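Working notes, structure below.
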Ligand SMILES: Nc1ncnc2c1ncn2[C@@H]1O[C@H](COP(=O)(O)OP(=O)(O)OP(=O)(O)O)[C@@H](O)[C@H]1O
Ligand SMILES: [Mg+2]
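Numbering (our numbering), first residue to last: 8 to 169.
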């Protein structure tokens, strides 16, 4: 499968495809160019290009082990590519962590989200990005916002409970 296509990615070793539906922008919101990643002897991604436009829904498909999660983790700041570039709004960026990606406005909902059973519902929702007042966590705001999310989603959650 060709790798140099708008909205298409070629994942090694098996075929994968990326389908995009929606309007085009002139400058893509996110571009991955020539991305490569290996884990020891396993070459997972080879020369991957992926172009994502704002306001579009993209679907990345491939068989188990094709490298989809690895690619998503690269633009979520979790893994660093061995080579290649990531561009946001046409500007190259370097990310060292998931927090860096969040600062760039990139958020990922993982296939298997990690939950922390010892934390409350509200703490799980806000893990890593708790509302603060100065240096301290703003617990009333955190609980109130979690309650809002809960009622907006139609699920009645006890946000202060574990
Ligand atoms: N941290 C890691 N260390 C070593 N190998 C890894 C690591 N993460 C992934 N791999 C290997 O990289 C390849 C791609 O894995 P990846 O999870 O990205 O595939 P995937 O397309 O998301 O698969 P699935 O459809 O099963 O979710 C697999 O061979 C996997 O075993
Ligand atoms: Mg996966």
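Glycine included, every Cβ here is placed at the ideal spot set by N, Cα and C.
Fair warning: this is a prediction, and the values are worked out from it, not measured in the lab.
Heavy atoms of ligand 1 versus C-beta positions, residues under 6 Å: Listed by chain position, these are 46, 49, 51, 69, 71, 72, 73, 74, 75, 76 and 77.
Identified DSSP bridge partners for residue 99: In DSSP, residue 99 forms a bridge with 94.
Simplified DSSP assignment, three categories, for residue 9: Confidence at residue 9 is low in this model, with a pLDDT of 36, below 50, so its placement is unreliable and no value can be given for it.
Distance cut-off 7 Å: residue 98 Cβ against heavy atoms of ligand 2: No, since every heavy atom of ligand 2 falls outside the 7 Å radius drawn around the Cβ of residue 98.
Other residues of its chain near residue 171: CB distance less than 7 Å, five sequence neighbours each side excluded: Summary: the structure shown does not reach residue 171, with the chain confined to residues 8 through 169, and so no result is reported for it.
Close-in-space but distant-in-sequence residues of the same chain around residue 84 (CB under 6 Å, 5 per side omitted): Same-chain partners within the cutoff: 102, 104, 105, 107 and 108.
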